[in-house]
Structure formats: C-alpha cells, structure tokens
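2 is the number of the first residue of the sequence shown in the numbering used here; add one for each residue after it. Written below as structure tokens is the structure these notes are about.
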Amino acid sequence: MRGPQCPEPFADGEPPLELTGFVGRTAEAAGLAAALRSARLVTVTGAGGVGKSRLAARVVADWETAHGWVELAPAHDPEFVEYEVAEAL
Numbered sequence: 002m003r004g005p006q007c008p009e010p011f012a013d014g015e016p017p018l019e020l021t022g023f024v025g026r027t028a029e030a031a032g033l034a035a036a037l038r039s040a041r042l043v044t045v046t047g048a049g050g051v052g053k054s055r056l057a058a059r060v061v062a063d064w065e066t067a068h069g070w071v072e073l074a075p076a077h078d079p080e081f082v083e084y085e086v087a088e089a090l
C-alpha cells in the first residue's frame, strides 16, 4: 500500500516547498537577508541536514525582488559549481 505522493521538492529556479513548520534561526535568517541585499550571488554552505535549504527558502519566500534558486547538491566537486549556476541561468 502506498501513501499519497509528495509534490516535487524543486521546480526549475524555485526554492523547495516548505512542507513543515519553520522555527527559530532568526539570527541566521537576518544574516542571510543582509547578504542578499549586498550581493548578487549568495551561497549557503554547511553539513548535510542542518537546514540550509529550509533557511534559504524561508528568506527568499518574502523577498521582494526577483530571485533564482540553484540546487548545488549535484555539484560534488567545487569545479562544477560554476557549471551548475550557468546551467540554471
């Protein structure tokens, strides 16, 4: 027996869907928002599973200017980050 299917988490150029609540991380969200106001490209890095995507998705959800989302998980080597960004554009 199978349960209902979840929607696809990523659409091209869009942040992942928020399927559960978001609590805390006020300081991190403010820092990311400040970085986005001062730079055209911001990369959020850290260990897997700590909530980087959730934090970024929450911050850009309220963003008033156009933004893009590039999923860099496929870029296992730093040399391929530029390729992934260029491919998304």
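For each residue, glycine too, the CB sits at the ideal point set by N, CA and C. These numbers were taken from a predicted model, which means no experiment stands behind them.
Query                                                                                                                                                                               : Result
Quick check on DSSP: helix, strand or coil for LEU73?                                                                                                                               : coil
For ALA95 and PRO79, what's the separation of their Cα atoms in angstroms?                                                                                                          : Since the displayed the chain opens at 2 and closes at 90, residue 95 lies outside it and no answer follows.
Might you give, ordered along the chain, the residues of its own chain that have their beta carbon closer than 8 Å to the beta carbon of GLU85, omitting 5 neighbours on each side? : VAL71, GLU72, LEU73, PRO75 and ALA76
Our contact map puts VAL51 next to ALA30 with C-beta atoms below 8 Å; I'd like the distance itself, whole angstroms only.                                                           : With a Cβ gap of about 14 Å, VAL51 and ALA30 do not count as contacting.
Please classify LEU33 as buried or exposed, where buried requires at least 16 other C-beta atoms within 10 Å of its C-beta.                                                         : buried
Between which two residues does the alpha helix (DSSP H) containing ARG55 stretch?                                                                                                  : 53-62
Roughly how many angstroms separate the alpha carbons of ARG55 and ALA89, rounded to a whole number?                                                                                : 20 Å
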